[in-house]
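**Q** Structure below; questions to follow.
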Amino acid sequence: MATMRAVEINAPGGPEVLQPVERDRPVAAHGQVVIQVAWAGVNRPDALQRAGLYNPPPGASDLPGLEASGIIAEVGPGVTEWAVGDQVCALLPGGGYAEYVATPAAHCLPVPAGMGLKEAACLPETFFTVYSNVFTRGGLRGGERFLVHGGSSGIGTTAIQLAKLHGARVFATAGSDDKCQACRDLGAEVAINYRTEDFVEVMQAEGGANLILDMVGGPYIPRNIKALADDGRLVQIAFLQGPKVEMNFATLMTRRLTMTGSTLRPQSDLAKARIAEDLRREVWPLLGKGRVAPVMDSDFPLDQAAAAHALMESSTHIGKIVLEVAGG
């Protein structure tokens, strides 16, 4: 069997446990394609998996990597919408840190017009997450006040742009003045430095947030509740500061608040395919026209994935980090 270069997690731990290896090249099953990876995105769930806190779903590759761009090298039985040689970016069940990866064909999207493979690798994980949680689950409407935490992250920079284009008033938190300026440059009306300002006070002065997108969790949860307007919605997509907190849930009833959330990776292939369809219809034309674009911070060679993880966990970056595999 043909082999390929890859990066695996050789034990739960820090970035140093990411090690280059040789692996068998995947084969496309029914409904799948195999992509020759050009660039692979680096995301927080990769670090959680590396630390032993986020196991791959049954049947998924044990290799990290939830998004990639590249060229289709093989199409499996039943696949009619793609052909060998097509340039795509794709949401992956895992396995992106490798020269080749198999994924459902329905989770692939064309590289947007005028965009390179490097930029396209930044799209799937963040755009699938933001669109499904802010618009489908969160129901953001034009004119509403929208607060996103981690505004300078890949999720945050995407959410700011899409919410602004949707006609929302956008508020964002970030951890430095430079990051706050980056949020404003992307369209945030107000950027809040959480180290020096209280986002609860800022939002209450504005009448409260109609929708909050949060990946922090922990002590932010009761603060988010205070920052919401009556009838507001809180969408939780991660718990970087933990999933447990003590709070009085009677507030949800008296103020008619909604708490919801989701994680992308465990969802069914059909659910992810529906998100891909929504993105292709609603967002991909905006990318092709340059009205929204991924924000990229840094790139590393595949065999330096450990350095990429160290940068991500330092939280000094603005936007996305990618790994160069075949490049292009």
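In terms of the working numbering, the sequence shown is numbered consecutively and its last residue is 613.
No residue lacks a Cβ here, since even glycine has one placed at the ideal position from N, Cα and C.
Predicted model only: the values in this text are computed from it and were never measured.
When the Cα of D516 is compared with those of M500, N328, R540 and P504, which residue comes out closest?
**A** R540
**Q** Where F585 and L537 are concerned, what is the direct C-alpha to C-alpha distance, given to the nearest angstrom?
**A** 45 Å
**Q** From the DSSP secondary-structure annotation, give me the bridge partner or partners of C393.
**A** A375
**Q** Within a Cβ cutoff of 6 Å, which residues of the same chain sit near G435, ignoring the five residues on either side of it in sequence?
**A** G441 and M500
**Q** For L425, I'd like the list of residues in its chain whose CB is within less than 7 Å of its CB, leaving aside the five on either flank, ordered along the chain.
**A** V419, F431, A448, H451, A453 and L496
**Q** Give the straight-line distance between the Cα atoms of P579 and G527, rounded to the nearest whole angstrom.
**A** 28 Å
**Q** Does DSSP put N495 in a helix, a strand or coil?
**A** strand
**Q** Tell me which same chain residues have a C-beta within less than 7 Å of the C-beta of A444, skipping the five on either side of it?
**A** Counting only Cβ-Cβ distances below 7 Å, and skipping sequence neighbours, we find V415, V419, V433 and L498.
**Q** Can you grab the Cα-Cα spacing for the pair L513 / E491, in whole Å?
**A** Going from the Cα of L513 to the Cα of E491 covers about 10 Å.
**Q** Pop quiz: A390 and G316 are said to be a contact at Cβ under 8 Å. What is the actual Cβ separation, rounded to whole angstroms?
**A** That belief holds up - the Cβ atoms of A390 and G316 are roughly 6 Å apart, short of 8 Å.
**Q** Does the Cβ of D483 have 16 or more other Cβ atoms within 10 Å, making it buried, or fewer, making it exposed?
**A** exposed
**Q** Give me the Cα-Cα distance between P300 and L348, rounded to the nearest whole angstrom.
**A** 14 Å
**Q** What does a CB cutoff of less than 7 Å around V475 pick up in its chain, not counting 5 residues either side in sequence?
**A** So the list reads F456 and V487, once near-sequence residues are dropped.
**Q** Among all the DSSP beta bridges, which residues are the ones paired with T421?
**A** None; T421 has no bridge partner.
**Q** I need the straight-line Cα distance from M286 to A473, nearest angstrom please.
**A** M286 and A473 have their C-alpha atoms roughly 51 Å apart.
**Q** Can you tell me where the alpha helix (DSSP H) holding T458 begins and where it ends?
**A** Segment R454 to A459 is the beta strand (DSSP E) holding T458; no alpha helix (DSSP H) there.
**Q** In or out: A332 buried (at least 16 other Cβ within 10 Å) or exposed?
**A** Answer is buried; the Cβ neighbour count reaches 16.
**Q** According to DSSP, is I639 helix, strand or coil?
**A** It is not possible to answer for residue 639, since the shown part of the chain is limited to 286 through 613.
**Q** Taking its Cβ as the centre, do 16 or more other Cβ atoms sit within 10 Å of E429, making it buried, or is it exposed?
**A** buried
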